[in-house]
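Below: one structure, written as structure tokens.
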Amino acid sequence: MATYQLTINGKQQTVEADADTPMLWVLRDHLDLKGTKFGCGIAQCGACTIHMDGNAVRSCSIPVSAVSEAKITTIEGLSKKADHVLQKAWVEHDVPQCGYCQAGQIMNAAALLQRNSSPSMDEIETAMNGNLCRCGTYNKIKAAISSAASNL
Amino acid sequence: MTVIKTKVDRRSFLKTSALAGGGLMIGFNWACSSSAEVKDPASAWFDINAYLTIANNGEITIMSPNPEIGQNVKTSMPMLVAEELDVDWKDVIVKQAPLDNAFPRQVAGGSQSIRSSWKSMRMAGATARRLMIETAAKEWAVDANSLTTKGGYVLNGSKKLSYGELASKAVGIEIPEEVTLKEPKDFTIIGKSQKNVDLDEIITGKPVFGIDYKQEGMQYAVVLRPPAFGAKLKSFDDTEARKVNGVNDVIQFGDKVAVLGNNTWAAMKGKKALVADWDMSGRLEDTPYHDSEMNKLLNKRVERPSRSDGDALKAMASADKVFEKTYEAPFLPHNTMEPMNFFADVTGDKVKLVGPIQTPAGTRGQIARLLGKSPDDITLEMTRMGGGFGRRLYGDFALEAAEISQKANKAVQVIFSREDDMTAGTYRPASKYKFRAAIKDGKLTGYHLSGAGIGRNNWVRPDWFPAGGIENYLIESSYVDSNITTGAWRAPITNFLAVAEQCFFDELAAEMGQDAIQLRLDILERAKNNPVGEIDYEPAKMIGVIKLAAEKGNWGKAESGVSKGFSAYYSHNTYVAEVADVIMKDGNPIVKNVTVAVDCGIVVNPDAAINQIQGGVVDGMGHALYGDFSFVNGTPQASNFNNYRLIRTKEAPTVDVHFVESLNDPTGLGEPSLPPAGGALANAMAKATGNRLYKIPFVKDQMVFG
Ligand code: FES
Ligand code: FES
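Line by line, the protein sequences are chains A and B.
For the first sequence, the numbering used here begins at 84 and goes up steadily by one.
For the second sequence, the numbering used here begins at 766 and goes up steadily by one.
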């Protein structure tokens, strides 16, 4: 066990955890931030996507010991009032079915728009290809990202 | 005008009472047959399982008893109540009801939620509206029939009273014998897209799913299960597991061992550190065994066919040509995005259960028997589900949680890793279909389908298309016994039967030198005008969707570089036809777009309906292309998304949805677009590449694809 000082959604947090504990479980079990989801545990599905210094990463595959000073943002911290341009687009297109993958989809898309504010459909598909949606909401996800980009 | 009786034998389908804190509460049954369908009132007797409340401030709350698995019933079913109640949708709050004694009967049925509740939900709303009107009539001392309603108010010329003002006064008013339902043309909520009621929670990461549930002091339990179907636990050593930081307990139950930890990661690590010795001397099945058993059955005639019209075997014997093809599909895991999980807290006599389950009442009963408790001592709270696809009909994970909690004397949440989820499944069973068609003088004179699969199922749908349209018609079904757990998987049976059948009709049309659609239409015309025997589908509706899909999908119109594949299927009382467009890119076939025509009666919530249909098509195509699941010595050969491929956004086609305009009662939507998808894909691929696909996963059969 070791003690880690983490910056999560702009807040300082102290966590006692084993060094190899993935950030996914630190967020979910130690800090009760349940918005970040477990899907595969091996960086294959994207359900656990968070931002580390603004980049989309798979929290299931980042041990807490590798985070150090990096600023972590989770779906809970993406916006204060659910008014991130993507969250608004998700409402406009009523994207989710079961909803389980959607936090990861939104976090991944947010990182995409951060580095490319007007992505082509090809660029959207390439960026989003690591995020599985078992319900098959891909059509709506792409449409929502496009309209979010056009509202930037 | 639809007048609907609210009472049978003086017993009412509804009950009213005062709401704590003032206001009116109306209890009703979410999916109860309304009087129009009640044949035996005693058996249709009514259990209250849903509530509609009108608070003094005008707030309308609808308690939805049905679990939500992504099919959106939590939004669409309350829409039916709100429509007839005549309130603004924005004033309606929907809450998930728990399973307790006040809600005795709750199930999430296979695409049947809306269909079965279409009248009862509207009756509840209409009755509440009528009570508001009668209360207002008393207040104003006027004839109730002179009053109207709008947006949560009763109107009397220029005077109006809000439902909130009337609610408390309505408590004593007798429930009317019958109520009048709105005409579809007067709908203001039904038929207009309304957003998912849980949308804000989902996009902000609120803990709405089962896996998000947490109780102070609860332990996370990760379970080691037998590695193979047929394996048994001999012994295990938990020395290393107990050394893992955060591991608090190791519990054996049956052939399984649970590791309990302070957090999921600790429990997962503890499980990995267990050393188990398995008895592998039992019956361990593998895929070649399943294959050969199914092949044997396909070549044997059954004693009692599922259906036989005329004499198909004779037609074969006297045909100019017998055209024969066999199609096959493997087992499939469900792979809901949210892995199986459940919370249980067994303390003394009481049991508290929380989690994602499609069959809460049945699961509670099983747990009561397992633990030796009365169902009355068990509470079950249903959470939102991160997908179901049939997997959450089976409560094995909830039973595990209950047993572990009882043995450990702690509150636990069982969590499956993806590997656990994929290898301890309740799979879509493998199946094969052999079709034979007799062709004489260029005409189809006989049809013979033999279906076989793993597990006791009826592998055929003998009274659906092409039943009634072919003179000599023979349908057979047989099964292979197995110790691999199988169960319902989105659109059970038809999820592959439809693929096989719709591929066969395409091949048959080519063989006969006919247009693929025209052959189907000719059979349907016969079934419509002069059916052979009884049939259990409406050929006219099938013809309707086929024509709509052909028109919208530009069937028969040459588009450069585009190969089109057609498929149509009826299931869950809904008719669907699809045209898939495949293009070749760098020598690889790619599905660009799928045009879908759907006849599901009245479309309650159009945007959500489109979402379901798109999802079904993507799901059907994805599993047809990539679904690959086999067994060696009882052991599943795929375990996570690195060795089991699911369709991703780049591979998913755009799906263009068209509804047949209809005033008929709504039918299923969660499943019907899936069965035809694989066939449309295979038929387009065959045109694009010249290679006919017979075996799922197509990606293997095609070699270059993907
Ligand atoms: S849980 Fe991290 S990528 Fe799947
Ligand atoms: S909405 Fe269910 S997995 Fe994406």
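Just so you know, even glycine gets a beta-carbon here, dropped at the ideal spot from N, CA and C.
This one's a predicted model, so the numbers in the text were calculated from it and none came from an experiment.
Coarse secondary structure for residue i, derived from DSSP in three states
i	result
A902 (chain B)	helix
F1230 (chain B)	coil
L920 (chain B)	strand
Q877 (chain B)	Because the pLDDT at Q877 (chain B) is just 49, under 50, the model does not fix this residue reliably, and the value given afterwards should be weighed accordingly. Note: Q877 (chain B) maps to coil in three-state DSSP.
E802 (chain B)	In this prediction, E802 (chain B) scores a pLDDT of 45, lower than 50, which makes its location untrustworthy; the coordinate-derived value is nonetheless stated afterwards. Looking at E802 (chain B) - three-state DSSP - the assignment turns out to be helix.
F974 (chain B)	strand
L235 (chain A)	coil
I189 (chain A)	helix
S808 (chain B)	Because the pLDDT at S808 (chain B) is just 41, under 50, the model does not fix this residue reliably, and the value given afterwards should be weighed accordingly. DSSP places S808 (chain B) in coil when its eight states are reduced to three.
E1058 (chain B)	helix
I1412 (chain B)	coil
L89 (chain A)	strand
Q861 (chain B)	strand
S142 (chain A)	helix
K1208 (chain B)	strand
K1465 (chain B)	helix
D1110 (chain B)	strand
9 angstroms Cβ cut-off: residues of chain B touching residue i
i	result
M84 (chain A)	N1010, G1011
G93 (chain A)	Per Cβ cutoff of 9 angstroms: no residues; G93 (chain A) is ~15 angstroms from chain B at best.
A165 (chain A)	D965, I968, T969
Q170 (chain A)	D965, I968, T969
Contact list for residue i against chain B, beta-carbon separation under 8 angstroms
i	result
V174 (chain A)	K960, L964, D965, I968
L215 (chain A)	M1102, F1406, L1411, R1413
K225 (chain A)	T1414
N212 (chain A)	R1413, T1414, K1415
T157 (chain A)	G970
I125 (chain A)	R1183, N1405, F1406, N1407
E208 (chain A)	T1414, K1415
A130 (chain A)	M1102
First through last residue of the beta strand (DSSP E) which encompasses residue i
i	result
Y1092 (chain B)	1086-1094
H1423 (chain B)	1419-1424
W1043 (chain B)	1040-1044
Q1178 (chain B)	1177-1180
G1278 (chain B)	That residue, G1278 (chain B), is in no beta strand (DSSP E); it is neither H nor E in DSSP.
G1137 (chain B)	Element bounds for G1137 (chain B): n/a, residue is neither H nor E.
A1362 (chain B)	1353-1364
Q984 (chain B)	984-989
Delimiting residues of the alpha helix (DSSP H) encompassing residue i
i	result
M1450 (chain B)	1440-1454
Y1391 (chain B)	1371-1391
Closer than 7 angstroms at the beta carbon, the chain B residues around residue i
i	result
G137 (chain A)	Here the premise fails: no neighbours, minimum Cβ distance about 18 angstroms.
T104 (chain A)	W1030
Y221 (chain A)	V1383, T1414, A1417
H134 (chain A)	Chain B residues near H134 (chain A): none, gap ~13 angstroms exceeds 7 angstroms.
Beta-carbon neighbours of residue i, restricted to chain A and to distances below 9 angstroms
i	result
R1149 (chain B)	C181, G182, Y183
N1358 (chain B)	Ordered by position in chain A, no residue passes the 9 angstroms Cβ test against N1358 (chain B), which lies about 10 angstroms from the chain.
N1260 (chain B)	What N1260 (chain B) touches in chain A: nothing, since even the nearest Cβ is about 14 angstroms away.
Residue i: CB within 7 angstroms of a non-hydrogen atom of ligand 3
i	result
L1135 (chain B)	This structure simply doesn't include ligand 3; it includes ligand 1 and ligand 2 instead.
Under 7 angstroms by beta carbon: chain A residues contacting residue i
i	result
I976 (chain B)	F121
D1487 (chain B)	A query on residue 1487 (chain B) cannot be resolved here, the shown segment of chain B reaching from 766 to 1471 and no further.
Neighbour list for residue i in chain A, Cβ cutoff strictly below 8 angstroms
i	result
V1420 (chain B)	N222
Three or more C-beta pairs closer than 8 angstroms, one from the stretch 1440-1450 of chain B and one from the stretch 1400-1416 of chain B: is that the case here? By the Cβ rule, the stretch 1440-1450 of chain B does not count as touching the stretch 1400-1416 of chain B, because fewer than three pairs are nearer than 8 angstroms.
Kindly provide the chain-ordered list of residues whose Cβ lies closer than 6 angstroms to any non-hydrogen atom of ligand 1. A:F121, A:G122, A:C123, A:G124, A:A126, A:Q127, A:C128, A:G129, A:A130, A:C131, A:R141, A:C143
With three or more C-beta pairs closer than 8 angstroms as the rule, is the stretch 1161-1169 of chain B touching the stretch 1097-1108 of chain B? yes
Between the stretch 980-991 of chain B and the stretch 1164-1179 of chain B, can you find at least three pairs of beta-carbon atoms closer than 8 angstroms? yes
Heavy atoms of ligand 2 versus C-beta positions, residues under 6 angstroms: A:P179, A:Q180, A:C181, A:G182, A:Y183, A:C184, A:Q185, A:C216, A:R217, A:C218, A:T220, B:G835, B:M1102, B:G1152
Cβ pair count under 8 angstroms reaching 3, the stretch 1295-1310 of chain B against the stretch 1227-1241 of chain B: yes
With contact counted as at least three CB pairs below 8 angstroms, one residue from each stretch, are the stretch 1000-1017 of chain B and the stretch 1069-1082 of chain B in contact? no
Three-pair Cβ contact test at 8 angstroms for the stretch 961-978 of chain B versus the stretch 991-1003 of chain B: A contact is defined here as three or more CB-CB pairs under 8 angstroms, and the stretch 961-978 of chain B fails this definition with respect to the stretch 991-1003 of chain B.
Using a Cβ distance threshold of 8 angstroms, determine whether the stretch 1183-1193 of chain B contacts the stretch 1058-1071 of chain B, with at least three qualifying pairs required. Taking 8 angstroms as the limit for Cβ pairs, the verdict is that the stretch 1058-1071 of chain B does not touch the stretch 1183-1193 of chain B.
If contact is defined by three or more beta carbon pairs under 8 angstroms, each pair taking one atom from either stretch, is the stretch 1315-1328 of chain B in contact with the stretch 1424-1439 of chain B? no
Within 8 angstroms, do at least three Cβ pairs link the stretch 1260-1277 of chain B to the stretch 1079-1090 of chain B? yes
Is the stretch 895-911 of chain B touching the stretch 217-227 of chain A in the sense that three or more CB pairs, one from each, lie closer than 8 angstroms? The answer is no - the stretch 895-911 of chain B does not touch the stretch 217-227 of chain A, with fewer than three Cβ pairs under 8 angstroms.
Check whether the stretch 1114-1123 of chain B and the stretch 143-151 of chain A touch, using three or more Cβ-Cβ pairs below 8 angstroms as the test. no
Contact between the stretch 169-187 of chain A and the stretch 123-132 of chain A is defined here as three or more beta-carbon pairs at a separation below 8 angstroms; is this criterion met? yes
Three or more C-beta pairs closer than 8 angstroms, one from the stretch 769-788 of chain B and one from the stretch 195-215 of chain A: is that the case here? no
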